[in-house]
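Trainee: Following this message is one structure expressed as structure tokens.
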Amino acid sequence: VKDRGKSDYKIFNQDLEHQSLERRLLENALRQGINNEQFYLEYQPKVNLITNKLMGMEALVRWKHPELGIISPGKFIPLAEESGLIVPLGEWILRESCRQATTWQSKDYPHLSLSVNISVRQLEDIHFVTKLKSILQETEFDPTRLELEITESVLANIKSTIPVLHEIKKLGVQISIDDFGTGYSSLSYIKEFPIDTLKIDQSFIRDIHTNKESKEIARAIIKLAKSIGLRVIAEGIELEEHVDELSKDGCILGQGYYYSKPLNVDAFEDFMVTY
Ligand code: C2E
Ligand code: CA
Ligand code: CA
Ligand code: CA
479 VKDRGKSDYK
489 IFNQDLEHQS
499 LERRLLENAL
509 RQGINNEQFY
519 LEYQPKVNLI
529 TNKLMGMEAL
539 VRWKHPELGI
549 ISPGKFIPLA
559 EESGLIVPLG
569 EWILRESCRQ
579 ATTWQSKDYP
589 HLSLSVNISV
599 RQLEDIHFVT
609 KLKSILQETE
619 FDPTRLELEI
629 TESVLANIKS
639 TIPVLHEIKK
649 LGVQISIDDF
659 GTGYSSLSYI
669 KEFPIDTLKI
679 DQSFIRDIHT
689 NKESKEIARA
699 IIKLAKSIGL
709 RVIAEGIELE
719 EHVDELSKDG
729 CILGQGYYYS
739 KPLNVDAFED
749 FMVTY
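Below you can see the structure in the form of structure tokens.
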């Protein structure tokens, strides 16, 4: 029994070593990727569900590794957060998306707003607000057209970000709670955090037309947002039924494959022209 335990331990240990080796390799690749410009952004249209008008876009980062190919953000963002690399990467994402959005606004689309995902690790960086300010100046992007998306689960647990959020709001920048409805903490933080928008998580939208619970949760979020003066948007809209349910309940903003998947710059420009 003792031997058996020992060899199990050994296997377990090798497995751990293997895991951490893989992590270290990926972390190194990530660091090199940032230096070698292996990242690019895609943009997913945000539309008015009633008028179908294009209202803005969410920037989503992509990593194209020369050997490993495209690696999904679901895989590398958590690693970038744990290693702290999200700070330089996130700064690049903000600068690049503001620069891009400024060129679109100065063409024929002055009303477009830009949403950018921000990790709490970035908010914890004491230089975040200074960096944000200089990016806005440098790219000449209208701060009131910028919205930062912050995930509910992390935000709800970190009170220390409240002063930073107030600083951000002072610049005129908007704040949206991403994946709303998936966090487990109390709702009281909505009152304490200076937020503008609730983004209903796609897990409630997916079966909103067939599942009573999802439908009621989405309705409750829409109602809550309206009653306290926040905007509300739905993500993961894939079907006409989703649009129908949401607009019946009074949600008029959304995004999802039904309208468009995230698009690279060229494809987004085609979308703007033909949509
Ligand atoms: P998220 O912010 O909740 O982004 C929405 C995700 O749903 C995106 O996946 C998007 O491509 C996908 N999606 C959009 N419409 C639909 C739809 O109709 N159906 C389905 N099934 N999926 C849809 P993506 O691009 O793989 O990003 C995954 C997550 O990675 C994001 O979730 C976000 O948490 C993180 N992420 C992506 N880009 C960035 C970034 O630039 N910075 C940070 N900090 N995180 C990012
Ligand atoms: Ca998001
Ligand atoms: Ca989301
Ligand atoms: Ca998410």
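For the sequence shown, the tail end lands on 753 under UniProt numbering, and the numbers increase by one without skipping.
Even for Gly, the Cβ is constructed at its ideal location relative to N, Cα and C.
Fair warning: this is a prediction, and the values are worked out from it, not measured in the lab.
#1: Is D656 near ligand 2, judged by its Cβ being under 6 Å from some heavy atom?
#2: Run through the region 494 to 581 for me and flag every whole beta strand (DSSP E) of 3 or more residues, listed as ranges in chain order.
#3: Decide if the region 730 to 738 is in contact with the region 507 to 518; the criterion is three or more beta carbon pairs, one per stretch, under 8 Å apart.
#4: Within 10 angstroms of the Cβ of V539, are there 16 or more other Cβ atoms? Answer buried if so, exposed if not.
#5: What first and last residue would you give for the alpha helix (DSSP H) that runs through T608?
#6: For E627, which of helix, strand or coil comes out of DSSP?
#7: Is the Cβ-Cβ distance between Y521 and L731 less than 7 Å?
#8: Would you tell me roughly how many angstroms separate the C-alpha atoms of P641 and G562, rounded to the nearest one?
#9: Can you pull the DSSP bridge partners for Q733?
#10: Can you have a look at K480 and say buried or exposed, based on whether 16 or more other CB atoms are within 10 angstroms of its CB?
#11: Roughly how many angstroms separate the alpha carbons of S664 and E630, rounded to a whole number?
#12: Let me know the beta strand (DSSP E) ranges lying completely inside the region 634 to 686, each 3 residues or longer, listed in chain order.
#13: In the DSSP assignment, the alpha helix (DSSP H) including S692 goes from what residue to what residue?
#14: Looking at E716 and ligand 1, is the gap between the Cβ and the nearest heavy atom below 6 Å?
#15: So what does DSSP say about S584, is it helix, strand or coil?
#16: Do G534 and S575 have their CB atoms nearer than 7 Å?
#17: Return the residue from the list D603, I596 and I613 that minimises the CA-CA distance to E627.
#18: Could you tell me the distance, in whole angstroms, from the CA atom of V751 to the CA atom of K647?
#19: What first and last residue would you give for the alpha helix (DSSP H) that runs through L724?
#20: Within the chosen definition, does the region 575 to 588 reach the region 546 to 566 through at least 3 CB pairs nearer than 8 Å?
#21: What residue range does the beta strand (DSSP E) around L592 cover?
#22: Taking the alpha-carbon positions, what's the R509 to E500 distance?
#23: Less than 6 Å between the CB of E713 and some heavy atom of ligand 3, yes or no?
#24: By alpha-carbon positions, which one of W582, I604 and K609 ends up nearest to W570?
#25: Could you check whether D674 and R697 sit closer than 7 Å to each other, using their CB atoms as the reference points?
#26: Mapping DSSP to helix, strand and coil, what is L708?
#27: Look at the Cβ atom of T580, then the Cβ atom of E618, and state whether they are nearer than 7 Å.
Mentor: Result, derived from the coordinates:
#1: Inclusion of D656 in the 6 Å shell around ligand 2 follows from its C-beta lying nearer than that to a non-hydrogen atom of the ligand.
#2: Entirely contained in the region 494 to 581, the beta strand (DSSP E) runs reaching 3 residues are, in chain order, 517 to 526, 532 to 543 and 547 to 549.
#3: Taking 8 Å as the limit for Cβ pairs, the verdict is that the region 507 to 518 does not touch the region 730 to 738.
#4: Here V539 is buried. Its C-beta has 16 or more other C-beta atoms within 10 Å.
#5: From DSSP, the alpha helix (DSSP H) with T608 extends over F606 to T617.
#6: Note: E627 maps to strand in three-state DSSP.
#7: Contact: no.
#8: Here the alpha carbons of G562 and P641 stand approximately 21 Å from one another.
#9: Beta-bridge partners of Q733 (DSSP): E713.
#10: Note that K480 has pLDDT 47, beneath the 50 cutoff, so the model's placement of it is unreliable and no number is given.
#11: Spanning the two alpha carbons is a distance of roughly 11 Å.
#12: The region 634 to 686 contains these whole beta strand (DSSP E) runs: 652 to 658 and 675 to 678.
#13: Segment K690 to S705, the alpha helix (DSSP H) holding S692.
#14: Within 6 Å of the C-beta of E716 there is at least one heavy atom belonging to ligand 1.
#15: In the three-state scheme derived from DSSP, where H, G and I count as helix and E and B as strand, S584 is classed as helix.
#16: G534 places its beta carbon 7 Å or farther from that of S575.
#17: Relative to the Cα of E627, the nearest Cα in the group D603, I596 and I613 belongs to I596.
#18: Answer to the nearest angstrom: the Cα atoms are 32 Å apart.
#19: Element bounds for L724: E718 to K726.
#20: Segments in contact, no.
#21: Per DSSP, the continuous beta strand (DSSP E) segment holding L592 begins and ends at S591 to N595.
#22: For R509 and E500, the distance between alpha carbons rounds to 14 Å.
#23: In this structure, ligand 3 has a non-hydrogen atom nearer than 6 Å to the beta-carbon of E713.
#24: Proximity to W570 across W582, I604 and K609 peaks at K609, based on C-alpha coordinates.
#25: No, these two residues do not count as a Cβ contact at 7 Å.
#26: If DSSP states are grouped into helix, strand and coil, L708 belongs with coil.
#27: Yes; because the gap between Cβ atoms is below 7 Å, this pair is in contact.
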